[in-house]
Amino acid sequence: MPNRCRTGTLILPYFPGLRPGDRWCLCAARWLEAHAHGRAPKVLLSRTHQRALEVVPFELLRSYALDMN
Numbered sequence: 738m739p740n741r742c743r744t745g746t747l748i749l750p751y752f753p754g755l756r757p758g759d760r761w762c763l764c765a766a767r768w769l770e771a772h773a774h775g776r777a778p779k780v781l782l783s784r785t786h787q788r789a790l791e792v793v794p795f796e797l798l799r800s801y802a803l804d805m806n
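For the sequence shown, the numbering used here assigns the number 738 to the initial residue and increments by one for each residue that follows.
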């Protein structure tokens with residue numbers, strides 16, 4: 738799945754890492770790639786930019802939403 742070119746600061750020695758509950762910004766194209774590999778994280782739709790819908794169908798994002806009833 739993600740290679741070194743895509744992981745950015747997540748692999749640098751000074752990056753302390755993420756812990757459960759941390760939030761991280763992910764571009765829509767990388768999120769969709771993660772979904773294709775069965776690794777997409779949950780999303781907060783209220784904090785997702787409208788232009789993400791140009792890349793990811795709403796119903797798919799909605800199925801991963803943490804903030805939707």
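A virtual CB, placed ideally from N, CA and C, is assigned to each residue, including glycine.
Item                                                                                                                                                              : Value
List the residues that DSSP assigns as beta-bridge partners of residue 802.                                                                                       : 780
In this structure, how does DSSP classify residue 767 when only helix, strand and coil are distinguished?                                                         : helix
Is residue 777 closer than 8 Å to residue 771 when the C-beta atoms are compared?                                                                                 : yes
Does residue 760 come out as helix, strand or coil in the three-state DSSP assignment?                                                                            : coil
Indicate the three-state DSSP secondary structure (helix, strand or coil) for residue 772 in the structure shown.                                                 : helix
Buried or exposed: where does residue 761 fall if 16 or more other Cβ atoms within 10 Å of its Cβ makes it buried?                                                : exposed
Using a Cβ-Cβ cutoff of less than 8 Å, which residues in the same chain neighbour residue 780 once the five nearest sequence positions on both sides are dropped? : 768, 798, 801, 802, 803
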